[in-house]
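Residue numbers (the numbering used here), protein chains in the order written: chain W, 1 to 154; chain X, 1001 to 1154; chain H, 2001 to 2154; chain Z, 3001 to 3154; chain D, 4001 to 4154.
Just so it is clear, CB atoms sit at the ideal spot from N, CA and C, and this is done for glycine as well.
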């Protein structure tokens, strides 16, 4: 039985962790989910590392929604660096799912984007854990999560 | 008996550490507080790591007030990176509470913001330690510290 | 028998990993290739570290194609930092092969660039592993991968 | 007997290390000073770590004077990150004393600033080592080093 | 017998490593030189760490010539961070000698600068290893490598 961690925030304005958990349950078996919620995205790196080292998660999905200000962009950068560092310290993948508040011009599209990106990255995490060959088949295919795929060039 | 560390600076123009300590005492029991004051925010990462490793703190609240210049913004960035690194090295949460001097246009609002953000993040630290389920219930709710909550989208 | 790792992404819009593998096979023997595909470039650092530590790769080629937006540039920066960190943690070279989508003005040139840079860096990886003296002979020669060499000054 | 390390550079245009050493000797006893000079600020992090781990320093003061160009600002940023990392690896404070060449418009004021900031931070280092309660009393007081204190708000 | 490592790149447009090696041989004895050439500056951090840990170098000189584009500046930043990290992981100095292609307006001056900076930093490395007191005497003297010294203020 594999363990998939889901770490999200109270700062995010959409229940991205819920969407990721729902998508995982719809699409596979053979795993259990452990969830953890922290205040903001800068709290995610250590939360994910604790899920891996103290809760034995085999992979973690880290979800957050950075705000539109320069300060928020910097927070996202710092969180991303921390998430990469946490992965290197544990030899375990953490799939980062960030939706920036200014990626869309209206709330409805933002909710749609947050939901879809969380779900598509949940499947990426599932595939990394159970079906790495599925990812290999899509190498260089221009896949995107949330918005439509860009597709391969030419 | 849990131990909550509070690290703050002589650079800050408001006693944010005092506000955090006061809020903790008003809202809970079962913990003791250890405080530590350093000159500036770049001294916070090692101060917090020492609180965790040498004073056995179970969680730390790191408070600071970066100035308005580009140089100050860079200091805040470096301090934040260090705080994330300290958490990853100790598997322990450090709640960063930074109030930027240019977040408000007048001193009175700045004092209000520093006080309120310190108090609200003190409760976040308390909840992470004693009531993690309270945070889980607020996942994706658009909570903010200091200013009003943004709330969930839709 | 040496092992060369190739890590690439489903985000890239060209099969750069395939080009690197093809070039290696055309030019040398005495090694086997292990491939790994992840969603995006920020997933590459831990993927490369796992190739080194869990699959015993002697060197890794990490290929990706960052998008044209500021957010994409930041992702590339974070991935690069992580790749350097992974190398320092393992004392093993990881040759980064990134092609930015905005390096060319049309798709056809982009595909040409991605293919050629992947192939030229595959040879760099091969030389680092088997013929380090070939690199030493080209010290300060202004070599480039993908576009034409700049050449030495004067 | 405590040991205070002082690391400075040949790049700086003022003998900041000398000023720090002089101030320490004027104000306290019970310690000895070990000095180390490196070419530039990017050489300071490892110099400080060696002072701590190979010369048994209990605290280190790292002094430098970054130039006015963008490239110099980036050097200062990299040095600061390294100094924070060195502290986290050793659980030892390193007090960074950087004076940017463009903080003043004339040389005379720059010399005054470099001297005063070095001296005031030397006292911070002394207090961190011998009188941490003195810092605690000044929490949130808006203290500055070199220029006048900003003071607390309200 | 001390060992001095020299790491340079095939990307650089001038044989900076050769200049550094020549200068070392002209000015001192009691050491041997081990050279290593990698494709670009982002390959330097691990190359230097391997020189230290696998070839027993007592100090390393890392030479490179970043291009003029924003992307090149970012590469230089990432390489510098890695070089600092490598030093902290090994408690060994790595003298970074970077010449940016846009530091001069013509090729001839660029070659002059690359040669002179490499030579002057080679002497810095030599002094750090054999004559640290020579550096101490120049603390705060405003020394520069390549261009003329700025000199002390006042």
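Let me check understanding here. Comparing Cα to Cα, which of the options lies closest to residue i?
i	options	result
residue 1104 (chain X)	X:1121, X:1130 and X:1065	X:1065
residue 1125 (chain X)	X:1061, X:1152, X:1028 and X:1149	X:1061
residue 1021 (chain X)	X:1007, X:1107 and X:1013	X:1007
residue 2123 (chain H)	H:2014, H:2003, H:2012 and H:2028	H:2028
residue 3114 (chain Z)	Z:3005, Z:3073 and Z:3019	Z:3019
residue 1132 (chain X)	W:47, W:150, W:26 and W:132	W:47
residue 2015 (chain H)	H:2096, H:2063, H:2071 and H:2109	H:2063
residue 4030 (chain D)	D:4055, D:4001 and D:4054	D:4001
residue 96 (chain W)	W:25, W:121 and W:137	W:121
residue 55 (chain W)	W:11, W:137 and W:90	W:90
residue 3011 (chain Z)	Z:3072, Z:3025 and Z:3088	Z:3072
Please tell me whether residue i and residue j are closer than 7 angstroms, where the distance is taken between their beta carbons.
i	j	result
residue 1052 (chain X)	residue 1009 (chain X)	no
residue 4118 (chain D)	residue 4098 (chain D)	no
residue 4023 (chain D)	residue 4067 (chain D)	no
residue 3045 (chain Z)	residue 3086 (chain Z)	yes
residue 3078 (chain Z)	residue 3042 (chain Z)	yes
residue 2140 (chain H)	residue 139 (chain W)	no
residue 2094 (chain H)	residue 2057 (chain H)	no
residue 111 (chain W)	residue 2013 (chain H)	no
residue 5 (chain W)	residue 1084 (chain X)	no
residue 1153 (chain X)	residue 80 (chain W)	no
Going by DSSP, which residues form a beta bridge with residue i?
i	result
residue 4098 (chain D)	D:4064
residue 2008 (chain H)	H:2037
residue 3 (chain W)	W:32
residue 3059 (chain Z)	Z:3004
Hey, residue i and residue j are a contact pair by Cβ (cut 8 angstroms); roughly how many whole angstroms apart?
i	j	result
residue 1135 (chain X)	residue 1059 (chain X)	Actually they are not in contact, since the Cβ atoms of residue 1135 (chain X) and residue 1059 (chain X) sit about 13 angstroms apart, beyond 8 angstroms.
Could you tell me whether the region 1023–1035 of chain X touches the region 138–145 of chain W, using the rule of 3 or more Cβ pairs below 8 angstroms? No: fewer than three Cβ pairs fall under 8 angstroms.
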